[in-house]
Amino acid sequence: MIKLKNLEKVYTTEEVETTALNSINMEIKDGEFVAIMGPSGCGKSTLLNILGLLDNPTGGEYFFGENEVSKYSERQRAQLRKGSIGFVFQSFNLIDELTVFENVELPLLYMKVPSDERKKRVEEVLERMNIMHRRNHFPQQLSGGQQQRVAISRAIVAKPKVILADEPTGNLDSANGEEVMKLLSQLNEEGTTILMVTHSPYDANYAHRIVNLFDGKIVTENIKEQFHI
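Counting from 1, position 65 in the sequence shown corresponds to residue 65 in this note's numbering; the numbering is continuous, with no gaps.
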């Protein structure tokens with residue numbers, strides 16, 4: 001599914017070079033749930049941004065399926081993101097001026113999905129996330145837990161192969177956080193590959209494998225349970 005070979009990311013200014021990622025080698029199988037942990041500034045979010053084609057590595061190779069994608073043009077990257085990658089962020093990243101329905105519909109608009117099909121798919125995920133009764137509300141009218149359910153709905157409405165989640169419970173209380181983790185776990189059980197950055201050992205416990213970063217390097221990997229394709 002995803003394979004990284006000697007991946008590096010270096011930020012350069014006139015005065016200093018900062019290595020954010022150093023010789024990252026990692027393979028994520030189709031349908032796997034991987035948690036990425038480590039202290040602040042260790043490269044977790046940088047790695048997730050590269051995996052999500054939001055940033056370029058400085059060196060190394062990134063294979064998504066059979067394709068080496070690190071040198072893709074912005075148009076190619078956008079095309080791959082639209083069809084294959086869903087994002088869930090700590091801060092929800094919903095558009096305040098759009099209703100719940102319109103926020104979730106956005107990826108399908110970018111993919112030029114016909115109106116009737118958009119309506120059907122949006123309503124299906126809103127029902128599944130138990131947020132259908134809020135379809136005409138705006139984000140500021142929702143609780144944090146409801147906003148994150150909308151964000152997950154938006155992430156899965158295009159039926160992506162992989163979901164990248166950056167601290168998905170970071171702005172939630174424990175009850176709503178557990179609900180979000182159960183939703184992600186259920187999506188994974190149905191076949192969606194999930195890569196999650198987290199500071200929470202409790203959240204990481206939902207993953208098949210925990211990868212620990214320190215100073216831009218993978219220092220340990222903890223396989224919680226054997227994953228079979």
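Just so it is clear, CB atoms sit at the ideal spot from N, CA and C, and this is done for glycine as well.
Treat the numbers as computed from the prediction; the structure is a model and nothing was measured.
Between residue i and residue j, which are expected to be in contact by the criterion C-beta below 8 Å, what is the C-beta distance as a whole number of angstroms?
i	j	result
Q148	L172	6 Å
S200	T169	7 Å
G52	I85	6 Å
L106	V197	Rounded, the Cβ-Cβ distance is 23 Å, inconsistent with contact.
V122	V157	6 Å
V34	L195	5 Å
C42	L213	4 Å
I131	V100	6 Å
In terms of residues, what are the limits of the alpha helix (DSSP H) holding residue i?
i	result
N212	Premise fails: N212 lies in the beta strand (DSSP E), R209 to F214, not in any alpha helix (DSSP H).
Y110	V100 to Y110
V125	S115 to R128
E179	S174 to E189
I156	G144 to I156
I50	K44 to L51
Y206	From DSSP, Y206 is part of no alpha helix (DSSP H); its letter is neither H nor E.
How about residue i: is its C-beta nearer than 8 Å to some C-beta of chain C?
i	result
S91	The chain inventory of the structure shown lacks chain C, comprising one protein chain alone.
Going by the DSSP bridge assignment, what does residue i pair with across the sheet?
i	result
E221	V211
I194	F33 and I163
M26	L4
T19	V10
Considering only C-alpha positions, which residue in the set the options is nearest to residue i?
i	options	result
H137	N56, L80, T193 and I95	I95
L7	E17, M1, Q90 and E27	E27
A78	G60, S174 and I50	I50
K44	E178, K217, I223 and D116	K217
I24	Y62, S40 and V34	Y62
K159	G191, Y72, V150 and D203	G191
G65	R134, K29, V88 and S91	K29
R81	K161, N212, K112 and P57	K161
R154	N103, E74 and I210	N103
R75	I163, V88 and L54	L54
L184	S70, R128 and I223	R128
A204	L187, V219, E189 and K224	K224
I152	F92, H133, V113 and M132	F92
S73	N188, T99, T19 and N56	N56
G59	L108, T12, K5 and Y110	K5
I210	I36, K9 and A20	I36
Beta strand (DSSP E) runs contained entirely in the stretch 56-96, provided each spans 3 or more residues:
If we require 3 residues or more, the beta strand (DSSP E) runs fully inside the stretch 56-96 come out as 59-64 and 85-89.
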